[in-house]
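**Student:**
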Amino acid sequence: MTDKIFSVSELNNHIKSLLDSDPMLGGIYVCGELSNYKIYPSGHHYFTMKDADCAVRCVMFKSAAGKLRFRPESGMKVTAFGRVTVFPRDGAYQLYVTELRPEGVGDLQVAFEQLKAKLEAEGLFDRRFKKPIPRFPMRVAVVTSGAGAAVRDIIRVLRKRWPLAKVLLLPVRVQGAEAPAEITGAIKYANRYEVGDVLIVGRGGGSIEDLWAFNDERVARAIFESKIPVISAVGHEPDVTISDYVADLRAATPSNGAELAAPDKEELFEILDAFSGRMGQYMRKEIEGLKTRLRALQESRALSDPKNYIDDRRVLLDHAQLKLIGAQERINAGKRGRFSALAASLDAMSPLKVLGRGYAVAQKADGSVIKSAEDVGPGDNIKVRLEKDSISCTVIKEQ
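Using the working numbering, the first residue of the sequence shown is number 125, and each one after it goes up by one.
(1) Buried or exposed: where does GLU383 fall if 16 or more other Cβ atoms within 10 Å of its Cβ makes it buried?
(2) For GLU237 and GLY270, I'd like the C-alpha separation in whole angstroms.
(3) Suppose you measure from the CA of ALA457 to the CA of GLY450; what does that come to, to the nearest Å?
(4) Quick check on the DSSP output: what are the complete beta strand (DSSP E) runs of length 3 or more inside the region 231 to 317, in order along the chain?
(5) Looking only at C-alpha atoms, which of ARG207, VAL154, ALA273 sits nearest to GLU227?
(6) Mind checking CYS517: buried by the 16 CB within 10 Å criterion, or exposed?
(7) Using a beta-carbon distance below 8 Å, is ILE515 in contact with chain D?
(8) Rounded to the nearest angstrom, how far is the Cβ of ALA216 from that of ARG181, given a contact under 8 Å?
(9) Taking the straight line between their C-alpha atoms, what separation do you get for ALA357 and ILE279?
(10) Report the rounded CA-to-CA distance for ASP363 versus ARG408, giving the unit in angstroms.
(11) Is the beta carbon of GLY150 less than 8 Å from the beta carbon of ARG225?
(12) Can you tell me whether GLY501 is buried or exposed, with buried defined as 16 or more other CB within 10 angstroms of its CB?
(13) Would you say VAL370 and LEU248 are within 8 Å of each other, going by their C-beta atoms?
(14) When DSSP labels each residue in this structure, what does MET473 get in the three-state scheme?
(15) Smallest Cα separation from LYS512: which of TYR483, LEU292, ARG437, LYS488?
(16) Classify ALA468: buried if its beta carbon has 16 or more other beta carbons within 10 angstroms, exposed otherwise.
(17) Three or more beta-carbon pairs under 8 Å between the region 132 to 151 and the region 164 to 179, yes or no?
(18) Look up MET407 in the DSSP assignment and say whether it is helix, strand or coil.
(19) Kindly indicate which three-state DSSP category MET148 falls into: helix, strand or coil?
(20) In the DSSP output, which residue or residues are listed as bridge partners for GLN218?
(21) If you draw a straight line from the alpha carbon of LYS162 to that of THR222, how long is it in whole angstroms?
(22) Who are the Cβ neighbours of ALA189 in its own chain at under 6 Å, not counting the five residues just before and after it?
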């Protein structure tokens with residue numbers, strides 16, 4: 125025991141020196157559950173690790189956090205590696221983390237699932253955004269390594285299946301830290317200058333680390349934004365990357381990507397041969413039909429004996445003429461009968477019939493009929509109309 129009186133700073137620094145001198149605390153693995161995980165504007169990560177009974181404060185500086193391949197979240201079980209020391213200002217010890225990995229699965233798998241969930245929620249995997257692959261492309265652009273086996277397989281398959289297509293290689297690195305930026309740039313370049321009708325993006329097989337460039341968010345968004353249809357041809361059949369989900373079409377291998385990008389000329393030849401056979405069969409059937417029709421015309425009466433045909437038509441014309449005349453006569457007779465009936469009715473109502481029975485009609489000089497004595501006066505000249513003639517009279521007086 126010492127009688128020396130320590131200041132708070134001296135005490136904290138002394139404890140810090142004791143912890144820093146312990147080799148076990150200088151590099152220690154700690155497992156637990158993340159809690160209260162926060163990322164500050166400075167880029168540093170602050171969080172707490174806890175188990176059922178205790179908790180320890182942790183910090184992960186920006187330089188170490190930049191190497192993380194997944195996004196840590198509160199509630200996630202992890203294993204952290206770092207050193208334990210004291211921050212003198214606060215007098216509290218904490219774990220300075222330099223590495224962090226999830227428990228149970230690798231950090232790459234966690235990062236894959238996190239990015240997949242994020243992009244799926246944004247709709248980047250939605251089938252309604254998938255563009256159709258052109259059936260007969262004349263230009264095929266390939267984004268892959270210029271030195272790998274994948275590009276040789278793609279070119280070999282395209283030359284065999286569809287030699288009419290022009291193949292343009294956009295060489296990029298397909299693994300490593302620089303690969304995502306180069307792949308993204310090549311896709312954007314292909315769209316900017318419209319270098320192809322279809323775009324194959326991929327590489328040969330490898331570990332998840334080797335294929336990781338195709339799980340990069342920048343590459344995924346470049347594929348989604350591409351106006352040129354994209355075929356993702358990454359790795360082998362079991363390998364699945366984020367690019368496969370975002371692309372318009374997924375290929376099992378680079379060779380399969382070339383098969384999906386272009387038709388097989390041999391299959392087209394077979395289809396054309398089938399069409400040619402069906403067309404020939406149709407034309408033969410059509411010609412036979414026309415021959416049959418021609419023979420029927422040759423044997424027809426109209427061509428073998430044209431005059432006889434005309435005579436038949438003359439007889440038919442005479443019959444038609446007689447029918448028309450008979451119909452017209454019936455119409456005229458009906459109209460004449462109706463006219464006679466109307467004339468008889470009109471004649472029965474004629475004033476002349478009345479005069480024929482001995483009656484007369486007295487008219488003024490202007491021709492108007494005199495209906496009463498009041499219509500004329502003494503000295504007026506009137507005319508009396510009889511059945512066949514008329515007499516002129518002068519009124520002497522009214523009765």
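For each residue, glycine too, the CB sits at the ideal point set by N, CA and C.
**Tutor:** If we stick to the structure as given:
(1) The sequence position of residue 383 within the sequence shown is 259, counting from 1. The residue is buried, with at least 16 neighbouring Cβ atoms inside 10 Å.
(2) Stepping through the sequence shown from its first residue, residue 237 is reached at position 113. Stepping through the sequence shown from its first residue, residue 270 is reached at position 146. GLU237 and GLY270 have their alpha carbons spaced roughly 30 Å apart.
(3) In the sequence shown, the residue the question calls residue 457 occupies position 333. In the sequence shown, the residue the question calls residue 450 occupies position 326. GLY450 has its alpha-carbon roughly 11 Å from the corresponding atom of ALA457.
(4) Runs of the beta strand (DSSP E) spanning 3 or more residues and lying entirely within the region 231 to 317 occur at 263 to 268, 290 to 295, in chain order.
(5) As a working note, residue 227 is residue 103 in the sequence shown. The option with the nearest alpha carbon to GLU227 is VAL154.
(6) Counted from its first residue, the sequence shown places residue 517 at position 393. A residue is called buried when at least 16 other Cβ atoms come within 10 angstroms of its Cβ; CYS517 does not meet this threshold and is exposed.
(7) Chain labels in this structure do not include chain D; a single protein chain is all it has.
(8) Counting from one through the sequence shown, the residue named residue 216 turns up at place 92. Counting from one through the sequence shown, the residue named residue 181 turns up at place 57. Indeed, because the Cβ distance is near 7 Å, the residues count as touching under 8 Å.
(9) To locate residue 357, count along the sequence shown from 1; it is residue 233. To locate residue 279, count along the sequence shown from 1; it is residue 155. Their backbone Cα atoms lie some 13 Å apart in a straight line.
(10) Counting from one through the sequence shown, the residue named residue 363 turns up at place 239. Counting from one through the sequence shown, the residue named residue 408 turns up at place 284. If you take the alpha carbons of ASP363 and ARG408, they lie about 54 Å apart.
(11) Counting from one through the sequence shown, the residue named residue 150 turns up at place 26. Counting from one through the sequence shown, the residue named residue 225 turns up at place 101. At the C-beta level, GLY150 and ARG225 stay beyond 8 Å of one another.
(12) Residue mapping note: residue 501 aligns to position 377 of the sequence shown, counting from 1. So GLY501 counts as exposed.
(13) Counting from 1 along the sequence shown, the entry for residue 370 is found at position 246. Counting from 1 along the sequence shown, the entry for residue 248 is found at position 124. For VAL370 and LEU248, yes; Cβs fall inside 8 Å.
(14) Within the sequence shown, the letter at position 349 stands for residue 473. MET473: coil per DSSP, three-state reduction.
(15) Translated into the one-based positions of the sequence shown, residue 512 becomes position 388. In terms of CA proximity to LYS512, TYR483 leads the group TYR483, LEU292, ARG437, LYS488.
(16) Along the sequence shown, one-based indexing puts residue 468 at 344. With fewer than 16 other Cβ atoms within 10 Å, it is exposed.
(17) No, because fewer than three Cβ pairs between the region 132 to 151 and the region 164 to 179 fall closer than 8 Å, the two stretches do not touch.
(18) Here residue 407 refers to the residue found at position 283 of the sequence shown. Of the three classes helix, strand and coil, the one that applies to MET407 here is helix, per DSSP.
(19) One-based indexing of the sequence shown puts residue 148 at position 24. In the structure shown, MET148 adopts helical secondary structure according to DSSP, grouped into three states.
(20) On the sequence shown, position 94 is the one that residue 218 refers to. Note: GLN218 sits in a beta bridge opposite THR209.
(21) Position 38 of the sequence shown, counting from 1, holds the residue named residue 162. Position 98 of the sequence shown, counting from 1, holds the residue named residue 222. Whole-angstrom Cα-Cα distance: 16 Å.
(22) Translated into the one-based positions of the sequence shown, residue 189 becomes position 65. In its chain, beyond the 5 residues on either side, HIS169 have a beta carbon closer than 6 Å to the beta carbon of ALA189.
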